[in-house]
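Report on one structure; see the data block that follows.
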Amino acid sequence: MCIPRRDSMSVKVGNLIIGGNQPISVQSMTKTDTRDVPATVYQIKQLEDAGCSIVRVAVPDISAAKCLGQIRSQINIPLVADIHFDYRLAIEAIHQGVDKLRLNPGNIKDTEKVSLICYEAKKFNIPIRIGVNSGSVDRKRFHEITPQALVDSAMEHIRLLEECDFTDIIVSLKASNIPLTIESYKLMSGMVTYPFHIGITEAGPIRTGSIRSGVGIGILLSMGLGDTVRVSLTADPVEEVYAAYEILQSLNLRRHGVQLVSCPTCGRTEVDLQKIVYSLEDKLRIIKKPLCVAVMGCVVNGPGEASEADIGVACGKGVGLLFKKGMPLYKVPQERIVDVLMEEIEKM
1 MCIPRRDSMS
11 VKVGNLIIGG
21 NQPISVQSMT
31 KTDTRDVPAT
41 VYQIKQLEDA
51 GCSIVRVAVP
61 DISAAKCLGQ
71 IRSQINIPLV
81 ADIHFDYRLA
91 IEAIHQGVDK
101 LRLNPGNIKD
111 TEKVSLICYE
121 AKKFNIPIRI
131 GVNSGSVDRK
141 RFHEITPQAL
151 VDSAMEHIRL
161 LEECDFTDII
171 VSLKASNIPL
181 TIESYKLMSG
191 MVTYPFHIGI
201 TEAGPIRTGS
211 IRSGVGIGIL
221 LSMGLGDTVR
231 VSLTADPVEE
241 VYAAYEILQS
251 LNLRRHGVQL
261 VSCPTCGRTE
271 VDLQKIVYSL
281 EDKLRIIKKP
291 LCVAVMGCVV
301 NGPGEASEAD
311 IGVACGKGVG
321 LLFKKGMPLY
331 KVPQERIVDV
341 LMEEIEKM
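Below, the structure written as structure tokens:
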């Protein structure tokens with residue numbers, strides 16, 4: 001089943017195109033001090049290896065802004081500067097060679113300053129994401145955070161950019177409240193054709209944050225809303241990338257690396273399936289082939305239940321029956337299951 005996507009404009013971000021009919025991209029944000037160039041570059045390289053398409057860094061001051069050129073020269077994916085409060089940081093970031101700006105309309109909204117940013121951004125073909133969140137809504141105008149308040153805040157800033165004849169725009173409307181976020185994007189989708197950056201902000205630690213992000217992002221994607229995705233976790237940013245691809249793969253919107261499926265186990269299970277699955281999951285992260293791998297705890301039902309998997313194993317007492325596309329191949333002892341699966345996967 002193919003989920004129809006909302007029609008959106010295409011916006012070029014470095015060597016990446018967001019929106020239009022392009023694949024939904026995955027992005028993340030570094031957790032390092034941007035002024036620590038080696039640490040920041042190292043973390044971005046880890047994100048690249050995980051499949052991250054675009055990365056954002058915090059720019060808290062001018063010294064951080066002046067490090068952006070060094071970072072950009074050492075990485076292979078588009079670099080986004082996260083700008084708050086000071087318009088001069090945006091201009092310096094552009095001159096340093098970043099590929100995109102993220103502006104918070106809650107703290108950079110002076111018409112003259114926005115105009116200066118737009119002038120430089122247009123000159124260097126740098127797109128701008130208008131990044132609205134519940135904290136950037138003007139509380140003097142809006143007494144409570146509603147979908148309309150988030151959308152109105154975004155539209156006000158969009159008009160500022162459009163008045164400068166600037167239309168290389170990406171929009172995000174994030175909140176930690178999932179229904180609020182969903183309704184905001186639904187409302188916005190009928191008003192503009194700019195690409196949507198989607199996510200649930202302040203989602204939490206890896207377990208709860210992944211679940212909350214999966215719910216919110218998954219609902220938006222199932223409605224055809226979303227051109228680029230960021231899962232926000234209080235965790236290693238590499239985990240954000242893995243979680244984002246799992247969400248996309250679950251909806252058949254992207255195939256990236258291995259999708260691992262496993263049964264929940266029951267009284268018929270006669271091996272330590274959790275140990276096998278966790279060990280295999282860790283090893284599979286380096287595999288870039290778009291495969292589905294199944295690990296099942298029962299020889300009776302395993303191959304049939306996982307017949308759509310490219311390869312897998314159904315476990316019995318101390319052994320595993322290897323199978324491909326539901327067809328049995330041969331048995332392997334329990335302690336060899338992970339190694340044999342990896343060997344077979346490498347051959348595929």
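Throughout the sequence shown, residue numbering follows the UniProt record's numbering, covering 1 to 348 in sequence.
Cβ coordinates follow ideal geometry from the N, Cα and C atoms, glycine included.
No experiment lies behind these values; they were computed from the predicted model shown.
Original post:
Looking only at its own chain, which residues have a Cβ that is under 6 Å from the Cβ of ILE206, when we skip the five neighbours before and after it?
Top reply: Only LEU233, ALA235, GLU239 meet the Cβ criterion.
Original post:
Near LEU101, which residues of its chain fall below 8 Å by C-beta distance, leaving aside the five closest residues on each side in sequence?
Top reply: Within the same chain, LEU101 has close Cβ partners VAL80, ALA81, ILE83, ALA90, ALA93, ILE94, ILE117, ALA121, ILE126, PRO127, ILE128, ARG129.
Original post:
CA-CA distance, GLY318 and GLN334?
Top reply: Cα to Cα, GLY318 sits roughly 5 Å from GLN334.
Original post:
Using the beta-carbon count (16 or more within 10 Å), is MET348 buried or exposed?
Top reply: The C-beta of MET348 has fewer than 16 other C-beta atoms within 10 Å across all chains shown, which makes the residue exposed.
Subject >> C-alpha distance - GLY218 paired with PHE85, whole-angstrom precision >> reply: Here the alpha carbon of GLY218 sits roughly 32 Å from the alpha carbon of PHE85.
Original post:
Leaving out five residues before and five after THR269 in sequence, what residues of the same chain have Cβ atoms less than 6 Å from its Cβ?
Top reply: Taking C-beta separations shorter than 6 Å and ignoring five residues to either side along the sequence, the partners of THR269 in its chain run GLY297, following chain order.
Original post:
Is it a yes or a no for the segment 298-308 touching the segment 253-268, going by three-plus beta-carbon pairs under 8 Å?
Top reply: Contact between the segment 298-308 and the segment 253-268 is established, with three or more Cβ pairs separated by less than 8 Å.
Original post:
Mapping DSSP to helix, strand and coil, what is MET155?
Top reply: Residue state, collapsed to three classes: helix.
**OP:** Put THR234 into one of helix, strand or coil per three-state DSSP.
**Re:** Correct three-state label for THR234: strand.
**OP:** Have a look at the DSSP bridge pairing and note the partners of ASN76.
**Re:** Residue pairing for ASN76: DSSP places it in no beta bridge.
Original post:
Mapping DSSP to helix, strand and coil, what is PRO205?
Top reply: Of the three classes helix, strand and coil, the one that applies to PRO205 here is strand, per DSSP.
Subject >> Under the three-state DSSP convention, the category LEU280 falls into >> reply: Here LEU280 sits in helix by DSSP.
Subject >> DSSP three-state assignment for MET188, whether helix, strand or coil >> reply: Per DSSP, reduced to three states, the secondary structure at MET188 is helical.
Subject >> C-beta contact flag for THR228 and SER10 at 8 Å >> reply: Going by beta carbons, THR228 and SER10 fall outside the 8 Å limit.
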